[in-house]
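Okay, so here's the structure we're looking at.
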C-alpha cells in the first residue's frame, strides 16, 4: 500500500507541476532574459582575481560556499526557495500575470548596482545586484502582483550572500566574547564549575584544560541556520507583521543559547575527563548538532505561543443557572 | 512571443549588453594612482628561484644596527595572489632581535591586499589582542604612523614532546600615494570613495612587520619593532603623515607610551 501511495503521490506531483508550467505565460521571455542576465554575471561578474581566478560570479559563489564552512548553507538556499515556491503555489498561481514596463527600471537599478560593485571590486555588492535583477526579470514578465506575492520566499536569497571574511567579522568578534562570557557565568553559577575567562579563552584554575573560542566557534553558523529557520517559520506559520518580526528577532538569542549550550558541554566534558574529553566533544560531528535542539525547540515553542489560530475558549457552564427569557 | 514581449526583451537585452560592454571598457581603461612605496626595476624571486613580476618594492639592506637578508616570495603566495602584485620582503636582524618586514603592492586588483586575520590563524597563531597604535617616524619630518598591532600566541607540542609556547607582535598598515589606513575596512572605504569621486583606483601597499618572541616579552619586542620601523620606513615609504608641529621623535614616543 505504501509503495502505491508513493507512486500516486509522484503522479500527483507530476500532474500538478505540469499544470503549473502550463499556467505560466511568457515563459520564453522569462528564460531568455534570465539567461542573458546570468550570462552577464558569468562573463563579467567578478572583478577580483586573487584566490578565485575567474571572472564568473557563479564560480566565485561556488568557491565561497565550498571553501568556507560558515557559507556552505548557500548551496541549500535555492532548493529551499524553490520548495517554498511550490508550497505556496496556490497563492501565486491565480494571480493575474501581465508584462510590466516599470520592471525595466528595477533591472536598470540592478545593473547600476552591479557596475558599482564591479568597479569598487566588492563581489558581494554584485551578488545583491544579481538577485535583484532576477527579481526584476520576474516583474517584467509577470508583473508587480507576482513580485509582491513572491517576495517571500524570494528574499530568502539574502542568505546566499557570503558573509565570511568581510562583513561577518563585525558579528563574529563580538559573538565570540558574548558566548565566552555567558558560558563562563553559566558554568560557574548554574553548573558550579570553576571556569576562568581571559578574552575569548576559557580555562580552569588548575590549568588541566583550556579552550580558545575561535571564530569557528563564535556561533556564526548557528546564528545563520537559526535565523533562516526563524524567517521561514515566521512567513509560513504567522501572518501579522509584529509576530513575524518577533519570531525573526528571537533567532539571535536562540542562536546564542545554542552556542552557549555547546560550549558548556565542552566545559563539562573537560571537567570530567580532561582536555581530551573536551576535544572529543568539540570535534564530534553528532555532538555539534545537539545545540540546534534548544534553538529549534525555542523557535517551535515561541511559534506555538504566537500562533494566530488559537481555538476559542468554550464558555464556562454554571450549574443551576437560569436560562434567559 | 507577441510584439510587446519582443519590445520588452529587446530593451532589457540592450541594457544588459550595454552594461557588459561598459564594464569591459572601464576595466581595460582603469586609471591607477601612483603607489606610496618605492619601486625598483628588479623582479622579486620565488622560492624556486624564478622571477615574479618585473618590479619589486625597495627595502633597505642595512639600517641603524640592523642587517638584513632577502626573503623570496613563497610559491603559495605567488600562485594565489593576482599576477600584477609586486612584492618586497627582508628579514632584519640585530642584537638577537629578528623581524620580517614585508610589503605587498596591488595592481588593478585589490585582492592582493589580504587580511592578516586569516594568515596568522592559518599558521597556528591565535590573536589575543588587536589595537590601533602609533609609531613615531623621524624622517622626512617627525610624524606619527597609525598602525594596527596584533598580539598573538602559538602553542603546540614539538615532535619530542616538549611544549612550545611563543608570542608574536604583528604590526601592519596600508599606504597609498597620499594616505594611510590602519585597517582593511579603512582602506577599502577610501578606495571606494576615491573611485566614485575621481574615477581612479588607488594603488595600495600592505606593509607588515612580524617579530616572534617569548611569552611575556611582547612589550619589549614591540619597542624593538618600533625602532626598526622608525629606521626603515623613511627609506621605502614615499608618503609621510601630517607634520606634528613642535614635536620631535622623543616627544612623539612619550605621547604614544602614555596612550
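Protein chains in written order, with this note's numbering: chain A, 1 to 325; chain B, 1001 to 1259.
From the three backbone atoms N, C-alpha and C, an ideal C-beta is built for every residue, glycine too.
Other residues of its chain near residue i: CB distance less than 8 Å, five sequence neighbours each side excluded
i: residue 237/A; result: 303 and 307
i: residue 1039/B; result: 1055, 1056, 1057, 1058, 1086 and 1105
i: residue 91/A; result: 149
i: residue 324/A; result: A caution first: residue 324/A carries a pLDDT of 49, below 50, which makes its placement in the model too unreliable to give a value.
i: residue 109/A; result: 132 and 136
i: residue 1041/B; result: 1054 and 1055
i: residue 71/A; result: 64, 65, 162, 163 and 164
i: residue 87/A; result: 236
For residue i, the residue or residues it bridges with in DSSP
i: residue 183/A; result: Answer is none; residue 183/A lacks a bridge partner.
i: residue 1171/B; result: 1149/B and 1209/B
i: residue 1093/B; result: 1067/B and 1098/B
i: residue 1031/B; result: 1200/B
i: residue 79/A; result: Per DSSP, none; premise fails for residue 79/A.
i: residue 1056/B; result: 1040/B
i: residue 198/A; result: 201/A
i: residue 1051/B; result: 1045/B
i: residue 1136/B; result: 1144/B
i: residue 1180/B; result: 1175/B
i: residue 1087/B; result: 1104/B
CA-to-CA distance, residue j to residue i, given in whole angstroms
i: residue 64/A; j: residue 193/A; result: 39 Å
i: residue 21/A; j: residue 1174/B; result: 55 Å
i: residue 61/A; j: residue 1136/B; result: 43 Å
i: residue 1148/B; j: residue 1210/B; result: 12 Å
i: residue 1015/B; j: residue 115/A; result: 12 Å
i: residue 153/A; j: residue 75/A; result: 16 Å
i: residue 1177/B; j: residue 1035/B; result: 5 Å
i: residue 1168/B; j: residue 29/A; result: 60 Å
i: residue 1008/B; j: residue 1020/B; result: 19 Å
i: residue 37/A; j: residue 1179/B; result: 38 Å
i: residue 1004/B; j: residue 17/A; result: 27 Å
i: residue 258/A; j: residue 294/A; result: 6 Å
i: residue 199/A; j: residue 1171/B; result: 20 Å
i: residue 280/A; j: residue 34/A; result: 48 Å
i: residue 128/A; j: residue 285/A; result: 33 Å
i: residue 1022/B; j: residue 1006/B; result: 24 Å
i: residue 1239/B; j: residue 1144/B; result: 12 Å
i: residue 1010/B; j: residue 230/A; result: 41 Å
i: residue 1205/B; j: residue 239/A; result: 52 Å
i: residue 1076/B; j: residue 47/A; result: 21 Å
i: residue 2/A; j: residue 12/A; result: 15 Å
i: residue 327/A; j: residue 59/A; result: Since the first residue shown for chain A is 1 and the last is 325, residue 327/A is missing from the structure and cannot be characterised.
i: residue 156/A; j: residue 81/A; result: 7 Å
Same chain only: Cβ atoms within 7 Å of residue i, ignoring 5 sequence neighbours per side
i: residue 275/A; result: 208 and 209
i: residue 147/A; result: 135, 138 and 139
i: residue 1296/B; result: In the structure as shown, chain B starts at 1001 and stops at 1259, and residue 1296/B therefore has no counterpart that could be examined.
i: residue 1074/B; result: 1047
i: residue 1078/B; result: 1046 and 1052
i: residue 1102/B; result: 1089 and 1208
i: residue 1065/B; result: 1094 and 1095
i: residue 1070/B; result: 1090
i: residue 102/A; result: none
i: residue 121/A; result: 47 and 48
8 Å Cβ cut-off: residues of chain C touching residue i
i: residue 212/A; result: In the displayed structure, chain C is absent; the protein chains listed are A and B.
Close-in-space but distant-in-sequence residues of the same chain around residue i (CB under 6 Å, 5 per side omitted)
i: residue 235/A; result: 152
i: residue 1183/B; result: 1148
i: residue 1231/B; result: 1063 and 1064
Give a yes or no on contact between the segment 1077-1092 of chain B and the segment 1105-1116 of chain B, applying the rule of three or more CB pairs nearer than 8 Å. yes
Listed from N- to C-terminal order along the chain, which residues in the segment 1011-1026 of chain B have their beta-carbon within a distance smaller than 9 Å of any beta-carbon of chain A? 1011, 1012, 1013, 1015, 1016, 1017, 1018, 1019, 1020, 1022, 1023, 1024 and 1026
The segment 284-299 of chain A contacting the segment 243-258 of chain A, beta-carbon criterion three pairs below 8 Å: yes
For the segment 1089-1120 of chain B, which residues have a CB atom closer than 8 Å to at least one CB atom of chain A, in sequence order? 1109, 1110, 1111, 1112, 1114, 1115, 1117 and 1118
The segment 1145-1172 of chain B: which residues have C-beta closer than 7 Å to a C-beta of chain A, in chain order? none
By the 7 Å beta-carbon criterion, what residues does the segment 1195-1219 of chain B contribute toward chain A? 1195
With three or more beta-carbon pairs closer than 8 Å as the criterion, would you say the segment 264-279 of chain A touches the segment 181-191 of chain A? yes
Can you give me, in chain order, the residues of the segment 74-103 of chain A that have a beta carbon less than 7 Å from any beta carbon in chain B? 99
Do the segment 1085-1101 of chain B and the segment 1155-1165 of chain B touch if we need at least three Cβ pairs shorter than 8 Å? no
At a CB distance below 7 Å, what residues from the segment 275-301 of chain A approach chain B? Give them in sequence order. none
Anything in the segment 116-131 of chain A with a Cβ closer than 9 Å to a Cβ of chain B? List those residues in chain order, please. 116, 118, 119, 120, 121 and 122
Positions along the segment 17-48 of chain A whose CB lies within less than 9 Å of some CB in chain B: 26, 28, 29, 32, 33, 36, 37, 39, 40, 43, 44, 47 and 48
The segment 131-147 of chain A: which residues have C-beta closer than 7 Å to a C-beta of chain B, in chain order? 140
Could you name the residues of the segment 1024-1043 of chain B whose beta carbon sits closer than 8 Å to any beta carbon of chain A, in the order they occur along the chain? 1024, 1026 and 1027
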